[in-house]
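Student:
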Amino acid sequence: MDKIRKRLNYILAALSVVIITACDAFAQIKAEKSAAIDLAGTWQFQTDSLDRGIAEKWYSTKLKEKVKLPGSMTTNGIGNDITVHTPWTGEIVDSSWFSQPQYAKYRRQGNIKIPFWLQPEKYYKGAAWYQKSVTIPASWKGELSELFIERSHWETTVWVDDVRIGMENSLGTAHVFQLKDLLTPGKHVITVRIDNRVKDFNVGMNSHSITDHTQTNWNGMVGTLQLRVRPKIYVSDLQLYPDIHAGLVRVKLKVNNPTGAKGMAQLNLSAISSRANARRLKTLVKDVVLNGKSVDLSLVYAMGSRPLLWNEFHPDLYRFAVNLKTTLNNLPDQQELLFGMREFKTRGTQFIMNDQLTFLRGTLDCASFPRTGYPPTDLASWLKSFSAIKHYGLNHVRFHSWCPPEAAFAAADQLGIYLQIECSSWASTDAVIGDGRPLDEYIYKESERMVKTYGNHPSFVMMTYGNEPSGKNHVTYLTKFVNFWKVKDTRRLYTTGAGWPVVDQSDYNNTPDPRIQRWGEGLNSILNGRKPSTTYDWSDIISKWKQPSVSHEIGQWCVYPDFKEMKKYTGILKPKNFEIFQDRLKENGMYMLADSFLMASGKLQVLCYKADIEAALRTPGFGGFQLLGLNDFPGQGTALVGVLDPFWEEKNYVTAVEYRRFCNAVVPLVRLPSMIYTTSEQLVAPIEVANFGGKALAGAKVSWTITKTDGTPSTMVNLIR
Numbered sequence: 017m018d019k020i021r022k023r024l025n026y027i028l029a030a031l032s033v034v035i036i037t038a039c040d041a042f043a044q045i046k047a048e049k050s051a052a053i054d055l056a057g058t059w060q061f062q063t064d065s066l067d068r069g070i071a072e073k074w075y076s077t078k079l080k081e082k083v084k085l086p087g088s089m090t091t092n093g094i095g096n097d098i099t100v101h102t103p104w105t106g107e108i109v110d111s112s113w114f115s116q117p118q119y120a121k122y123r124r125q126g127n128i129k130i131p132f133w134l135q136p137e138k139y140y141k142g143a144a145w146y147q148k149s150v151t152i153p154a155s156w157k158g159e160l161s162e163l164f165i166e167r168s169h170w171e172t173t174v175w176v177d178d179v180r181i182g183m184e185n186s187l188g189t190a191h192v193f194q195l196k197d198l199l200t201p202g203k204h205v206i207t208v209r210i211d212n213r214v215k216d217f218n219v220g221m222n223s224h225s226i227t228d229h230t231q232t233n234w235n236g237m238v239g240t241l242q243l244r245v246r247p248k249i250y251v252s253d254l255q256l257y258p259d260i261h262a263g264l265v266r267v268k269l270k271v272n273n274p275t276g277a278k279g280m281a282q283l284n285l286s287a288i289s290s291r292a293n294a295r296r297l298k299t300l301v302k303d304v305v306l307n308g309k310s311v312d313l314s315l316v317y318a319m320g321s322r323p324l325l326w327n328e329f330h331p332d333l334y335r336f337a338v339n340l341k342t343t344l345n346n347l348p349d350q351q352e353l354l355f356g357m358r359e360f361k362t363r364g365t366q367f368i369m370n371d372q373l374t375f376l377r378g379t380l381d382c383a384s385f386p387r388t389g390y391p392p393t394d395l396a397s398w399l400k401s402f403s404a405i406k407h408y409g410l411n412h413v414r415f416h417s418w419c420p421p422e423a424a425f426a427a428a429d430q431l432g433i434y435l436q437i438e439c440s441s442w443a444s445t446d447a448v449i450g451d452g453r454p455l456d457e458y459i460y461k462e463s464e465r466m467v468k469t470y471g472n473h474p475s476f477v478m479m480t481y482g483n484e485p486s487g488k489n490h491v492t493y494l495t496k497f498v499n500f501w502k503v504k505d506t507r508r509l510y511t512t513g514a515g516w517p518v519v520d521q522s523d524y525n526n527t528p529d530p531r532i533q534r535w536g537e538g539l540n541s542i543l544n545g546r547k548p549s550t551t552y553d554w555s556d557i558i559s560k561w562k563q564p565s566v567s568h569e570i571g572q573w574c575v576y577p578d579f580k581e582m583k584k585y586t587g588i589l590k591p592k593n594f595e596i597f598q599d600r601l602k603e604n605g606m607y608m609l610a611d612s613f614l615m616a617s618g619k620l621q622v623l624c625y626k627a628d629i630e631a632a633l634r635t636p637g638f639g640g641f642q643l644l645g646l647n648d649f650p651g652q653g654t655a656l657v658g659v660l661d662p663f664w665e666e667k668n669y670v671t672a673v674e675y676r677r678f679c680n681a682v683v684p685l686v687r688l689p690s691m692i693y694t695t696s697e698q699l700v701a702p703i704e705v706a707n708f709g710g711k712a713l714a715g716a717k718v719s720w721t722i723t724k725t726d727g728t729p730s731t732m733v734n735l736i737r
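Per my numbering, the very first residue in the sequence shown carries number 17; after that it's consecutive.
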């Protein structure tokens with residue numbers, strides 16, 4: 017028996033060696049045939065604060081330090097210590113920290129604490145070099161290759177060995193470098209120089225694409241980092257234009273043929289629903305004549321008599337697959353993308369999605385990412401924040417002066433959220449637009465890159481240049497910008513800028529006028545200058561405009577800090593501002609009241625948001641609103657304007673269920689001429705229902721009661737039904 021057992025063990029051991037050897041061989045074959053090399057991991061690195069690297073040809077020498085990518089210099093613990101002389105990127109309106117005695121202890125080296133925004137552990141502005149050695153497999157011989165950097169911040173110059181490839185500077189899209197046939201089999205060195213200084217163009221130091229107010233002015237590369245093989249002939253651009261009424265998709269694509277070889281190719285196009293039981297659609301086959309460097313094609317793909325439509329309630333998606341076959345390619349060209357059948361338009365002064373009235377209940381994403389200092393590129397992170405937004409009754413997100421990565425669009429597609437995307441700029445304070453500076457040309461290029469990259473996402477429904485523009489010619493420039501895009505791409509709506517200017521040519525207005533406390537009104541506002549009521553709305557304000565209006569950055573109701581939140585800051589950004597506030601409370605003997613201050617100010621904040629939001633919902637023909645924030649904005653001197661913290665988590669003074677009572681697709685409303693009544697008065701008030709739920713409330717039963725604070729019905733009021 018022992019001999020048999022030993023023999024079995026020997027056989028099993030031998031088999032395991034065979035299996036392991038086979039697996040290793042398979043892995044080697046897979047690597048040899050792979051169309052991509054993952055560049056994540058350890059890179060050589062060196063800062064270049066004196067700008068010597070190009071002149072001294074650092075791309076031809078081995079850099080001295082090491083970093084982990086994806087990541088930034090700050091996530092790698094590299095940079096300068098924070099001092100009173102740190103060259104921040106962002107406007108500091110209140111400079112008292114630099115001179116007032118109460119801040120003196122926070123200006124001492126070793127105890128630097130700033131109140132302007134979340135404080136990074138290290139800071140660096142300038143050029144930095146990243147370098148990695150790669151081994152190219154034999155299977156890549158003769159193939160075209162590219163370097164893909166999902167998000168770089170932000171001026172990026174690339175060398176392969178000693179050959180300079182080029183420079184990219186998009187703030188909102190991937191940096192892709194065509195390497196052609198430079199990556200021959202064997203060992204090569206990829207060198208990347210990244211510079212995060214404002215140089216040729218200035219988007220504005222407060223732009224959330226670059227500012228320390230929000231995501232920080234980081235230096236690095238994040239997301240997918242790859243060397244990729246391209247087929248010699250491939251589809252370089254694919255844009256889908258849904259027509260929900262005709263039940264089809266107009267397909268525009270470009271076939272690139274850099275070799276110039278003549279021949280034939282075959283395109284296979286197919287759309288597959290995300291629903292398992294959906295009707296199967298036919299594959300469209302198209303023969304393509306290759307004659308020249310590129311071929312532009314316009315095709316029509318039939319989606320059937322009743323295609324599934326995408327909206328906030330039913331975010332149905334299709335997977336669109338493209339397969340390009342040609343004998344001239346060694347590698348197949350197969351591409352897939354998700355898209356939705358939808359039509360986002362205007363009807364008078366309101367928005368319609370797929371011919372149904374909708375109302376934008378929005379918040380801002382101001383690019384606050386305390387743990388990393390840069391935007392996440394994974395789907396899970398965006399599903400978390402967008403799920404919180406939906407949970408609080410919202411359906412819309414405005415990306416304030418920046419454009420998010422691919423994963424954000426994918427999450428919004430999946431959950432049914434309408435996005436306003438902006439071209440990376442807030443041209444104010446230190447920047448202007450429309451006056452002939454390099455930014456003017458950059459905005460057109462950036463918008464074209466963004467639409468080419470993200471334009472097929474159904475969630476991408478609105479676009480503007482950016483936030484609150486300035487410049488003596490900004491109205492003329494932005495009007496032309498709107499007209500350009502209205503002709504070029506009808507898949508979304510366009511306006512001049514978030515905030516202003518309002519022009520007839522815009523598809524919609526993004527204006528700060530409709531709100532209960534306008535900028536500079538002080539004690540003359542609705543909130544402060546009138547007795548409390550719910551009879552007002554924005555009808556008079558919007559009556560002068562023919563297009564929909566979306567109120568700009570309403571609310572801005574601040575609360576006291578939640579010091580329990582401080583333990584969440586486990587990344588590279590620290591709440592040193594909270595530490596200052598905490599010290600001040602302790603010094604004044606009020607720290608024991610911190611939670612009471614939070615709860616009291618929080619409850620007041622919720623009442624103010626309720627008043628703002630219900631006024632928008634009461635307004636006939638209104639388009640929607642954009643809160644300054646459902647979550648806190650850590651910059652501009654610490655703007656704690658959210659009912660959620662920067663991590664999209666509750667502060668515990670209002671729940672999502674309570675918030676949805678006044679912020680939702682369907683909300684009951686009452687127009688009360690007064691909020692206080694005596695027992696001798698009669699309460700007479702019309703009741704309304706804001707219904708943007710996608711269907712009529714046919715046969716709905718409406719009931720209402722007036723109760724005491726303990727929940728029991730009041731017997732002191734004569735109810736008139």
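No residue lacks a Cβ here, since even glycine has one placed at the ideal position from N, Cα and C.
Predicted model only: the values in this text are computed from it and were never measured.
Can you have a look at Arg295 and say buried or exposed, based on whether 16 or more other CB atoms are within 10 angstroms of its CB?
Tutor: So Arg295 counts as exposed.
Student: How is the alpha helix (DSSP H) around Tyr493 delimited, first residue to last?
Tutor: Per DSSP, Tyr493 belongs to the alpha helix (DSSP H) from His490 to Lys504.
Student: Please name the residue, chosen from Lys580, Arg387, Thr275 and Thr63, that lies closest to Asn212 on a Cα-to-Cα basis.
Tutor: Of the listed residues, the one whose Cα sits closest to Asn212 is Thr63.
Student: Relative to the C-alpha of Phe579, which candidate in Ile692, Glu438, Gly587 and Lys592 has its C-alpha closest?
Tutor: The option with the nearest alpha carbon to Phe579 is Lys592.
Student: Using a 10 Å radius around the Cβ and a threshold of 16 neighbouring Cβ atoms, would you call His330 buried or exposed?
Tutor: It counts as exposed.
Student: Taking C-alpha atoms, which residue in Arg209, Ser168, Ser186 and His261 lies nearest to Val176?
Tutor: Nearest C-alpha to Val176: Arg209.
Student: To the nearest whole angstrom, what separates the beta carbons of Pro421 and Pro386, a pair I think is in contact under 8 angstroms?
Tutor: Not quite, the Cβ-Cβ distance comes to about 17 angstroms (not below 8 angstroms), so this is no contact.
Student: Start and end of the alpha helix (DSSP H) containing Leu614?
Tutor: Segment Ala610 to Arg634, the alpha helix (DSSP H) holding Leu614.
Student: Taking the alpha helix (DSSP H) that Ile722 falls in, what are its first and last residues?
Tutor: Note, Ile722: premise wrong, no alpha helix (DSSP H); not H, not E.
Student: From the DSSP secondary-structure annotation, give me the bridge partner or partners of Trp326.
Tutor: Trp326 is bridged to Pro331.
Student: For a test of the three-state rule: what should DSSP assign to Thr379, helix, strand or coil?
Tutor: Note: Thr379 maps to strand in three-state DSSP.
Student: Would you mind stating whether Trp326 and Gly356 have Cβ atoms separated by less than 8 angstroms?
Tutor: Yes.
Student: Whose C-alpha, out of Val503, Asn284, Asn544 and Gly639, is nearest the C-alpha of Thr374?
Tutor: Considering only alpha carbons, the answer is Gly639.
Student: DSSP on Trp554, reduced to helix/strand/coil?
Tutor: It is coil, neither helix nor strand.
Student: Measure from the alpha carbon of Ala428 to the alpha carbon of each residue in Asn411, Leu644 and His416, then state which is nearest.
Tutor: Measuring from the Cα of Ala428, the nearest candidate turns out to be Asn411.
Student: Count the other C-beta atoms from every protein chain shown that fall within 10 angstroms of the C-beta of Lys504, then say buried if there are 16 or more, exposed otherwise.
Tutor: It counts as exposed.
Student: Give every residue of the same chain whose Cβ lies closer than 7 angstroms to the Cβ of Gln521, excluding the five residues on either side of it in the sequence, and list them in chain order.
Tutor: Correct list, in chain order: Thr495, Val498 and Asn499.
Student: Does DSSP put Tyr585 in a helix, a strand or coil?
Tutor: Three-state DSSP puts Tyr585 in coil, outside helix and strand.
Student: State the CB to CB distance for the pair Leu283 and Leu340, rounded to an integer number of angstroms; the pair is presumed to be in contact (CB under 8 angstroms).
Tutor: 6 angstroms between Cβ atoms; contact.
Student: Assess, as a yes-or-no matter, whether the segment 140 to 153 is touched by the segment 625 to 634 under the definition of 3 or more beta carbon pairs within less than 8 angstroms.
Tutor: Flag = no, the segment 625 to 634 and the segment 140 to 153 do not touch.
Student: Return yes when the C-beta of Leu601 is under 7 angstroms from any heavy atom of the ligand SAM, and no when it is not.
Tutor: With respect to small molecules bound, the structure shown includes none, and the ligand SAM cannot be examined in it.
Student: Can you find a CB in chain C that lies within less than 8 angstroms of the CB of Ile108?
Tutor: Looking at the structure shown, chain C is missing, and only one protein chain is on hand.
Student: If you follow the alpha helix (DSSP H) that Gln598 is part of, which residue opens it and which one closes it?
Tutor: Unbroken alpha helix (DSSP H) run through Gln598: Lys592 to Glu603.
Student: Nearest CA to the CA of Glu162: which residue from Lys78, Gly142 and Ser252?
Tutor: Out of Lys78, Gly142 and Ser252, Ser252 has the C-alpha closest to the C-alpha of Glu162.
Student: Out of curiosity, what's the CA-to-CA distance linking Lys196 and Lys361?
Tutor: Using only the alpha carbons, I get a separation of about 42 angstroms.
Student: Output the residue ranges of the beta strand (DSSP E) runs that lie fully inside the segment 688 to 714 and measure 3 residues or longer, sorted by chain position.
Tutor: With a minimum length of 3 residues, the continuous beta strand (DSSP E) runs that stay inside the segment 688 to 714 are 703 to 707.
Student: Which one of Gly106, Gln242, Asp611 and Gly637 has the shortest CA to CA distance from Pro86?
Tutor: When only C-alpha atoms are compared, the closest one is Gln242.
Student: Report the three-state DSSP secondary structure of Ala41 (helix, strand or coil).
Tutor: Since pLDDT at Ala41 reaches only 36, below the 50 mark, its modelled position is unreliable, and no value is offered.
Student: DSSP has Asn339 in a bridge; who is on the other side?
Tutor: Paired residue(s): Asn284 and Gln350.
Student: Tell me, which residues are paired with Arg684 by DSSP?
Tutor: For the record, residue 684 in the displayed sequence is Pro; it is not Arg. Answer by DSSP bridge pairing, in chain order: Val705.
Student: When you compare the CB positions of Met236 and Ser88, do they come within less than 8 angstroms of one another, or not?
Tutor: The sequence shown places Gly at residue 236, not Met. For Gly236 and Ser88, yes; Cβs fall inside 8 angstroms.
Student: How big is the Cα-Cα spacing for Val338 and Val467?
Tutor: Each residue's alpha carbon lies about 19 angstroms from the other.
Student: Going by DSSP, what residue range makes up the alpha helix (DSSP H) through Trp59?
Tutor: Taken as a continuous stretch (DSSP letters only), Trp59 belongs to no alpha helix (DSSP H), being part of the beta strand (DSSP E) at Gly57 to Asp64.
Student: Around the C-beta of Asp40, are 16 or more other C-beta atoms found within 10 angstroms, so that it is buried, or is it exposed?
Tutor: Any reading at Asp40 must be qualified, since the residue scores a pLDDT of 38, below 50, and its modelled position is unreliable; no value is offered.
Student: Mark Met479 as exposed unless 16 or more other C-beta atoms lie within 10 angstroms of its C-beta, in which case mark it buried.
Tutor: Buried.
Student: I need the boundaries of the alpha helix (DSSP H) containing Gly1, first residue and last residue.
Tutor: Outside the displayed span of the chain (17 to 737) sits residue 1, for which this structure offers no information.
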